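Worksheet: the structure to be examined is printed underneath.
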Amino acid sequence: LKSGDFDAIDDTLVIRAPYPGIVTRITHVPRTSVAADEEILRMIDYRQVYVETEVPEVDVNRVLERDSEQIIIRAESLGGTILTEEVAYFDTEVLAEERMAHLVVKVENVEGMILRDGMVVMAGVPLREEKSVLAVPKSSVIDDGMEKVVFVEESNGDFRKIPVLTGTTTLSEVEVKEGLQPGLDVAVAGVRPLLLALQKKEGRSQSGGHGHAH
């Protein structure tokens, strides 16, 4: 260096990690020296995460005899996104104080590695594979106070309420055993406002249908 050549001094050190990850802690104090074996930061590779779910003792055998290794994961932190993942291992040991076994699922994290330690997700274990099942999104089915119903779109754009008998429910769908014909278009969003509007209309109709003679 030439005397007084300050432009030749670079005080920036670029640190490159051997894998993608999230910096969780910086332990180094800025503008201080660093020893060769000194920790300067901590980083976690969140490209894959593991979800642990509890399985009640009475369901252990059913889970062991499941038809598929795929597990459905629903993450509210991802806006209700549904992920299909695989079982990492199933610890069938049941502790006396909790009466639960533990199923661990390996999850490929989404872009941005949003899933982290401590987050809560819902896990669904497909115990058997059904053939020729009529199912609708969970958001399509609502309880009107008397029975489960769906709203079917008519040719004029209006919606008609249809009572249904439901069966198996997954994290994303509901089996419809009776009441709905295949091929009909059902409402998948705004179902509660449709129900409230119909109940309001039916209430006016009933109140207007009873008169008193004087």
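Note that the numbering used here numbers the sequence shown so that position 90 is 167, with each residue one more than the last. Idealized CB from N, CA, C, for every residue including glycine. What you are looking at is a predicted structure, and each value in this text was computed from that prediction instead of being measured.
Indicate, with yes or no, if the ligand NAD has a heavy atom lying under 7 Å from the CB of residue i.
| i | result |
| --- | --- |
| T130 | In terms of ligand content, the structure shown is empty, and the ligand NAD therefore cannot be addressed. |
With H, G and I counted as helix, E and B as strand and the rest as coil, what does DSSP make of residue i?
| i | result |
| --- | --- |
| R143 | coil |
| L107 | It should be pointed out that residue 107 corresponds to Pro in this sequence rather than to Leu. DSSP places P107 in coil when its eight states are reduced to three. |
| K277 | helix |
| I92 | coil |
| V187 | coil |
| G195 | coil |
| D221 | coil |
| L180 | strand |
| V268 | helix |
| V251 | strand |
| A295 | The chain is shown only over 78 to 291; residue 295 falls outside these bounds and no answer can be derived. |
| L98 | Sequence inspection shows Gly at residue 98; the Leu mentioned does not correspond to that position. Looking at G98 - three-state DSSP - the assignment turns out to be coil, as it is neither helix nor strand. |
| G288 | Any answer about G288 is weak, because its pLDDT of 48 lies below 50 and its placement is not dependable; what the coordinates show is given next. The answer is coil: DSSP assigns G288 none of H, G, I, E or B. |
Round the Cβ separation of residue i and residue j to the nearest angstrom and send it over; I've been treating them as touching at under 8 Å.
| i | j | result |
| --- | --- | --- |
| E255 | V210 | Actually they do not touch by this definition, with Cβ atoms about 13 Å apart. |
| I99 | Y123 | 6 Å |
| A295 | S216 | The displayed coordinates of the chain run from 78 to 291. Any statement about residue 295 would go beyond what the structure contains. |
| I159 | L272 | I159 to L272, Cβ: 25 Å. No contact. |
| V140 | L180 | 7 Å |
| V213 | V263 | 5 Å |
| P203 | D144 | 6 Å |
| E185 | V164 | Actually they do not touch by this definition, with Cβ atoms about 14 Å apart. |
| G177 | P133 | Note on residue identity: the sequence assigns Met, not Gly, to residue 177. Correct: roughly 6 Å between the Cβ atoms. |
| V218 | T243 | 6 Å |
| E162 | V187 | The Cβ separation is near 12 Å, so there is no contact. |
Where does the unbroken beta strand (DSSP E) through residue i begin, and where does it stop?
| i | result |
| --- | --- |
| I239 | 236-240 |
| P259 | Element bounds for P259: n/a, residue is neither H nor E. |
| P214 | 212-214 |
| V227 | 225-230 |
Can you confirm whether residue i, when its beta carbon is compared against all beta carbons of chain B, has any partner nearer than 8 Å?
| i | result |
| --- | --- |
| T109 | This model lacks chain B altogether; it includes just one protein chain. |
Given 8 Å as the limit, is there contact between the region 187-202 and the region 115-133, that is, 3 or more CB pairs closer than that? yes
Are the region 113-125 and the region 93-103 touching, with three or more C-beta to C-beta distances below 8 Å?
yes
Margin query: Would you call the region 168-183 in contact with the region 214-230, where contact means no fewer than 3 C-beta pairs closer than 8 Å?
Written below: no
Beta strand (DSSP E) segments (min. 3 residues) lying fully within the region 117-177 = 118-121, 125-133, 147-152, 158-168
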